[in-house]
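Participant: These protein sequences, in sequence, are chains A and B.
Under my numbering, think of the first position of the first sequence as 1, with each following residue one higher.
Under my numbering, think of the first position of the second sequence as 1, with each following residue one higher.
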Amino acid sequence: MMKYLDHVEEFIITFLMGAATLIIFSAIIHRFLAGLPIPGLQDRLIAFNFSWAQELCIYMFVWMAKFGAAYGVRSGIHVGVDVLVNRLPDEWRKKGVLVAIVCGTIFTGIIGTLGATFVWENGMHYAVYTLVGIDVGDVPQGPITPDLEWPTWIIYSAVPLGSYLMCFRFMQVGWRFVRLGELPHHDHAHVDGIEEEILDQPGILHDGTLHKGGSTK
Amino acid sequence: MSTEEAINVIPPMSKPRAAAWLIGISVVLIGVGLYFGNIGIVFALLLALMLTGVPVSIALGLTVLSFLYLLTNVPIEAVALKLFTGIEKFEIMAIPFFILAGNFLTHGGVARRMIDFAVSVIGHFHGGLALAGIIACAMFALVCGSSVATVVAIGSIVLPAMVQNGYPMRFGAGVIVCAGSLGILMLPSIPKVVYAVSTNTSIGALFVAGLIPGILLSFMLGVVTWYLAKKRNYPRMPKSSWAQRISAFRKSVWGLMLVVIIVGGIYSGVFTATEAAAMSAVYAFFISVFVYKDMGMKDVPRVLLNSANMSAMLLYIITNAVLFSFLMSHENIPQMMADWILGKDLGVVAFLIVVNLVLLLAGNVMEPSSIILIFAPILFPAAMKLGIDPVHFGILIDANMEVGLCHPPVGLNLYVASGISKLSITELTVAVLPWLMTMVVFLIIVTYWPSLSIWLPKAMGMM
Chain A
1 MMKYLDHVEE FIITFLMGAA TLIIFSAIIH RFLAGLPIPG LQDRLIAFNF SWAQELCIYM
61 FVWMAKFGAA YGVRSGIHVG VDVLVNRLPD EWRKKGVLVA IVCGTIFTGI IGTLGATFVW
121 ENGMHYAVYT LVGIDVGDVP QGPITPDLEW PTWIIYSAVP LGSYLMCFRF MQVGWRFVRL
181 GELPHHDHAH VDGIEEEILD QPGILHDGTL HKGGSTK
Chain B
1 MSTEEAINVI PPMSKPRAAA WLIGISVVLI GVGLYFGNIG IVFALLLALM LTGVPVSIAL
61 GLTVLSFLYL LTNVPIEAVA LKLFTGIEKF EIMAIPFFIL AGNFLTHGGV ARRMIDFAVS
121 VIGHFHGGLA LAGIIACAMF ALVCGSSVAT VVAIGSIVLP AMVQNGYPMR FGAGVIVCAG
181 SLGILMLPSI PKVVYAVSTN TSIGALFVAG LIPGILLSFM LGVVTWYLAK KRNYPRMPKS
241 SWAQRISAFR KSVWGLMLVV IIVGGIYSGV FTATEAAAMS AVYAFFISVF VYKDMGMKDV
301 PRVLLNSANM SAMLLYIITN AVLFSFLMSH ENIPQMMADW ILGKDLGVVA FLIVVNLVLL
361 LAGNVMEPSS IILIFAPILF PAAMKLGIDP VHFGILIDAN MEVGLCHPPV GLNLYVASGI
421 SKLSITELTV AVLPWLMTMV VFLIIVTYWP SLSIWLPKAM GMM
């Protein structure tokens, strides 16, 4: 179950990153091609409206940011100022780290709740009631986005979903820290495949012409 | 950042000493809070939270929440709205794209071709490989917006090669740590995007403005390297023929084409900065997978995931920094700071000294984007009133960030280089000193010579 959640989380942010890039890329190519005076093609391209690309890209990145932030808790990428904490005696350091984790949990919990309230009041209430057939009364329908014309509450639900997920991740990290004393830790220096790249790949540093060993022949 | 390493470097304090520190800090913070009123409370709260090691983003957000809740009547719902609208700007989206492009370039063999070319041009000088490392960093920085990516890309190839050729690892690592910081100065740069967004400065002008200072810094670092290498008699590479140079250049030209895309695209108005970033991500993907073939399609998801992770972290800080600047403008803090600074009659020269000192100090505890997000809104209004050019001010902040990246305790370049070279942070700290000093000299030049930064964008008509 846990593994499943992990994979879904990773899949979502990977997909959003790639898809947003492709969308903006296609929008640029479309604009470029539509500027070319090719009869027939030009008209058809101009008729195809790509103005929603920017908006969609922004929303995809907002979603990516919210879920990625939760993934970041798990991968330990959120860096704080640890200059003081790391110099404290060990037991105190543990307490400091716990305070940090608790702060994270509280903050993301509050934000999640604020976000959920906001989303509920700005359209979800209406949508859910309409869906199950309850009389909505004077509950507002909620705004829609300018270009895509999607209800904003769907877009904005990234905030409660992402924040609650993040909150959950903080609890997970905290629990692990209490039990095992381990913290996730992001290694910026780690690059996969450096070693074999250096040894195997050709290039001036390694081919005969300029290499120190090779230059003696 | 690696907590373990930091602990290894600095031994923990004894309990009485730690207690004295903690009490001292709390007394100072409470004093600040009481003395300066609301402004004091905001900053005391922020500092207190940060010192517990809470991630910067969360410290910013919690400060805002607790301040608004406890001391003002602003409805908390206003915060919720800000959370949604905080990063809904297309300009900000340049950041994830540049991170993605940087990751493709790092994994995709672009760096190695640039190093090959640099070695063929400059390898026969004293300390040739080190000089080539600097040139390669500068070339890579032209297309990549992150200094960490630059250190990884160039360092992981140049450092082992330098050791093979008889250079001490410390020398090589020292050069690359500092030269890697060119990554955020030359053309595209993530801190510049952050600055541009938080101060409404033109991104294109900022990109171009970093070019000449970047060349100057590469030259200065090169001279120091050359001098040290000559004195210590480090090996030289054999001189390459022009045919070899041209062939090395042709191999590296695919990577350099990105400069044309970014600068040409933004300059001619074909792209916005964000679109240029997206184009460079796609282009970097294309050359890594299909032209250089150093990366297979199977590696793509991992690169995407890593980039998403890094971008999400930055975007999360930005969201919370937007909240924080909402709080600051609600309390009218930037305006008050500006008036206070102007009231001191500091003049431009003294003001810039203060700015540099504040930023260098901040560089001791935070990474560049957080520093810019917190300090730019505070310092920017005062700088404008003193008639400092916004682009020049941006480059100055950028140069400060470079210095912060290269020294402990939080200099990321240092940690990355330590990961590649397996040297300890303490050793590296000593190793970077000659170049770090050079960078401080460079910082002074940038600070007091505005036309160095703003001449080129002016000449190109971008500002």
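Cβ atoms here follow ideal geometry from the backbone N, Cα and C, with glycine treated the same way.
With residue 57 (chain A) and residue 23 (chain A) assumed to form a contact (beta carbons below 8 Å), what rounded beta-carbon distance in angstroms separates them?
Facilitator: Locating residue 57 (chain A) in the first sequence gives position 57, counting from the first residue. Locating residue 23 (chain A) in the first sequence gives position 23, counting from the first residue. Right, their Cβ atoms sit about 6 Å apart.
Participant: Does DSSP put residue 87 (chain B) in a helix, in a strand, or in coil?
Facilitator: Numbered from 1 along the second sequence, position 87 holds the residue referred to as residue 87 (chain B). Note: residue 87 (chain B) maps to coil in three-state DSSP.
Participant: Within 10 angstroms of its Cβ, does residue 225 (chain B) collect 16 or more other Cβ (buried), or is it exposed?
Facilitator: On the second sequence, residue 225 (chain B) is found 225 positions in, with the first residue counted as 1. Classification for residue 225 (chain B): buried.
Participant: Restricting to runs no shorter than 4 residues, where is the alpha helix (DSSP H) found entirely within the region 102–168 of chain B?
Facilitator: Listed in chain order, the complete alpha helix (DSSP H) runs (minimum 4 residues) inside the region 102–168 of chain B are 110–122, 128–143 and 147–164.
Participant: Would residue 15 (chain B) count as contacting chain A if we go by Cβ distances under 8 Å?
Facilitator: Counting from one through the second sequence, the residue named residue 15 (chain B) turns up at place 15. Residue 15 (chain B) counts as touching chain A.
Participant: Could you please give the first and the last residue of the uninterrupted alpha helix (DSSP H) stretch that includes residue 7 (chain A)?
Facilitator: The residue you call residue 7 (chain A) lines up with position 7 of the first sequence. Residues 2–35.
Participant: Can we say the region 168–177 of chain B touches the region 373–381 of chain B, given the rule of at least three CB pairs closer than 8 Å?
Facilitator: In this structure the region 168–177 of chain B does not touch the region 373–381 of chain B; the number of beta carbon pairs closer than 8 Å is below three.
Participant: Which class does residue 151 (chain A) belong to by DSSP, given the choice of helix, strand or coil?
Facilitator: Taking the first residue of the first sequence as position 1, residue 151 (chain A) is located at position 151. Correct three-state label for residue 151 (chain A): strand.
Participant: Which residue's Cα is closest to the Cα of residue 114 (chain A): A:164, A:38 and A:40?
Facilitator: Taking the first sequence and counting its residues from 1, one reaches residue 114 (chain A) at position 114. If we check each option's Cα against that of residue 114 (chain A), A:164 comes out closest.
Participant: Taking all protein chains shown into account, do 16 or more other C-beta atoms lie within 10 angstroms of the C-beta of residue 49 (chain A), making it buried, or fewer, making it exposed?
Facilitator: Stepping through the first sequence from its first residue, residue 49 (chain A) is reached at position 49. Exposure of residue 49 (chain A) is indicated by the presence of fewer than 16 other C-beta atoms within 10 angstroms of its C-beta.
Participant: Counting only runs that start and end within the region 298–336 of chain B, where is the alpha helix (DSSP H) found for 4 or more residues in a row?
Facilitator: DSSP runs (the alpha helix (DSSP H)) wholly in the region 298–336 of chain B: 300–330.
Participant: Let me check one thing: in DSSP terms, what residues is residue 238 (chain B) bridge-paired to?
Facilitator: Numbered from 1 along the second sequence, position 238 holds the residue referred to as residue 238 (chain B). DSSP, once it has assigned bridges, lists no residue as partnering residue 238 (chain B).
Participant: Could you tell me whether the region 225–240 of chain B touches the region 280–295 of chain B, where touching means 3 or more Cβ pairs closer than 8 Å?
Facilitator: no
Participant: Is the shortest distance between the beta-carbon of residue 21 (chain A) and the beta-carbons of chain B less than 8 Å?
Facilitator: By one-based count along the first sequence, residue 21 (chain A) stands at place 21. Chain B, which has a Cβ nearer than 8 Å to the Cβ of residue 21 (chain A), makes this yes.
Participant: Just the Cα atoms here: how many angstroms apart are residue 34 (chain A) and residue 45 (chain A)?
Facilitator: Counting from one through the first sequence, the residue named residue 34 (chain A) turns up at place 34. Counting from one through the first sequence, the residue named residue 45 (chain A) turns up at place 45. Rounded to whole angstroms, residue 34 (chain A) to residue 45 (chain A) spans 5 Å at the Cα level.
Participant: When burial is assigned at 16 or more other CB atoms within 10 Å of the CB, is residue 182 (chain A) buried or exposed?
Facilitator: Your numbering for residue 182 (chain A) matches position 182 in the first sequence. Flag for residue 182 (chain A) reads exposed.
Participant: With DSSP as the reference, please indicate the residues paired to residue 80 (chain A) in a beta bridge.
Facilitator: As a first step, residue 80 (chain A) is located in the first sequence; it is residue number 80 there, counting from the start. According to DSSP, which records beta bridges pairwise, residue 80 (chain A) is partnered with B:55.
Participant: For residue 357 (chain B) and residue 389 (chain B), what's the separation of their Cα atoms in angstroms?
Facilitator: Residue mapping note: residue 357 (chain B) aligns to position 357 of the second sequence, counting from 1. Residue mapping note: residue 389 (chain B) aligns to position 389 of the second sequence, counting from 1. Between the C-alpha atoms of residue 357 (chain B) and residue 389 (chain B) there is a straight-line separation of about 19 Å.
Participant: Quick one: what's got a C-beta closer than 8 Å to residue 40 (chain B)'s C-beta in the same chain, skipping five residues either side?
Facilitator: Within the second sequence, numbered from 1, the residue matching residue 40 (chain B) stands at position 40. Answer for residue 40 (chain B): 32, 33 and 34, listed in chain order.
Participant: From the DSSP output, which residues share a beta bridge with residue 144 (chain A)?
Facilitator: On the first sequence, position 144 is the one that residue 144 (chain A) refers to. Per DSSP, A:151.
Participant: Whose Cβ in chain B lies nearer than 7 Å to the Cβ of residue 78 (chain A)?
Facilitator: Along the first sequence, read from residue 1 onward, the residue named residue 78 (chain A) stands at position 78. Per Cβ cutoff of 7 Å: 55, 57 and 313.
Participant: Kindly list, in the order they appear in chain B, the residues whose Cβ is closer than 9 Å to that of residue 90 (chain A).
Facilitator: The sequence position of residue 90 (chain A) within the first sequence is 90, counting from 1. Result: 12.
Participant: Using a C-beta to C-beta distance shorter than 8 Å, which residues of chain B count as neighbours of residue 124 (chain A)?
Facilitator: To locate residue 124 (chain A), count along the first sequence from 1; it is residue 124. Neighbours of residue 124 (chain A) on chain B: none; closest Cβ ~14 Å, over 8 Å.
Participant: Please return the same chain residues whose Cβ sits closer than 7 Å to the Cβ of residue 195 (chain A), not counting the five positions on each side in sequence.
Facilitator: For the purposes of this step, residue 195 (chain A) is taken as the residue at position 195 of the first sequence. A caution first: residue 195 (chain A) carries a pLDDT of 40, below 50, which makes its placement in the model unreliable, though a value can still be read off. If we look at residue 195 (chain A) and ignore the five residues flanking it on each side, it has no Cβ neighbours.
Participant: Take residue 185 (chain B) and list the residues in its own chain whose beta-carbon comes closer than 8 Å to its own, dropping the five residues that flank it on each side.
Facilitator: Against the second sequence, residue 185 (chain B) aligns to sequence position 185. Around residue 185 (chain B): 141, 210, 213, 214, 217, 395, 398, 399 and 402.
Participant: Could you spell out where the alpha helix (DSSP H) holding residue 162 (chain A) opens and where it closes?
Facilitator: For this step, residue 162 (chain A) is matched to residue 162 along the first sequence. Looking at the DSSP string, the run of the alpha helix (DSSP H) that includes residue 162 (chain A) is 158–180.
Participant: For residue 153 (chain A), which residues of its own chain have a beta-carbon under 6 Å away from its beta-carbon, when the five flanking residues on both sides are left out?
Facilitator: Looking up residue 153 (chain A) in the first sequence gives position 153. Here the set comprises 119, 122, 123, 124 and 142.
Participant: For residue 366 (chain B), report the span of its alpha helix (DSSP H) as first-last.
Facilitator: Looking up residue 366 (chain B) in the second sequence gives position 366. That residue, residue 366 (chain B), is in no alpha helix (DSSP H); it is neither H nor E in DSSP.
Participant: For residue 340 (chain B), which three-state DSSP category applies?
Facilitator: Along the second sequence, one-based indexing puts residue 340 (chain B) at 340. In the structure shown, residue 340 (chain B) adopts helical secondary structure according to DSSP, grouped into three states.
Participant: Evaluate the contact criterion for the region 130–148 of chain B versus the region 253–262 of chain B: three or more CB pairs, one atom per stretch, below 8 Å.
Facilitator: With a cut-off of 8 Å, the region 253–262 of chain B and the region 130–148 of chain B count as touching, because enough Cβ pairs lie within range.
Participant: In chain E, what lies closer than 7 Å to residue 159 (chain A) by C-beta?
Facilitator: The structure shown contains no chain E; the protein chains it does contain are A and B.
Participant: Can you tell me whether residue 85 (chain A) is buried or exposed? The criterion is at least 16 other CB atoms within 10 Å of its CB, across all chains shown.
Facilitator: Along the first sequence, read from residue 1 onward, the residue named residue 85 (chain A) stands at position 85. By the neighbour-count criterion, in which a residue is buried when 16 or more other Cβ atoms sit within 10 angstroms of its Cβ, residue 85 (chain A) is buried.
Participant: Going along chain B, which residues have a C-beta under 9 Å from residue 167 (chain A)?
Facilitator: Start at 1 with the first residue of the first sequence, and residue 167 (chain A) comes out as number 167. Near residue 167 (chain A) there are no residues of chain B at all, since even the closest Cβ is about 11 Å away, more than 9 Å.
Participant: Quick check on residue 175 (chain A): buried or exposed, where buried means 16 or more other Cβ atoms within 10 Å of its Cβ?
Facilitator: As a working note, residue 175 (chain A) is residue 175 in the first sequence. When all chains shown are included, residue 175 (chain A) counts as exposed.
Participant: For residue 67 (chain B) versus residue 45 (chain B), is the C-beta spacing smaller than 8 Å?
Facilitator: Translated into positions along the second sequence, residue 67 (chain B) becomes position 67. Translated into positions along the second sequence, residue 45 (chain B) becomes position 45. In contact: residue 67 (chain B) and residue 45 (chain B) (Cβ atoms closer than 8 Å).
Participant: Establish whether the CB of residue 91 (chain B) and some CB of chain A are separated by less than 8 Å.
Facilitator: For the purposes of this step, residue 91 (chain B) is taken as the residue at position 91 of the second sequence. No, residue 91 (chain B) does not count as interfacial toward chain A.
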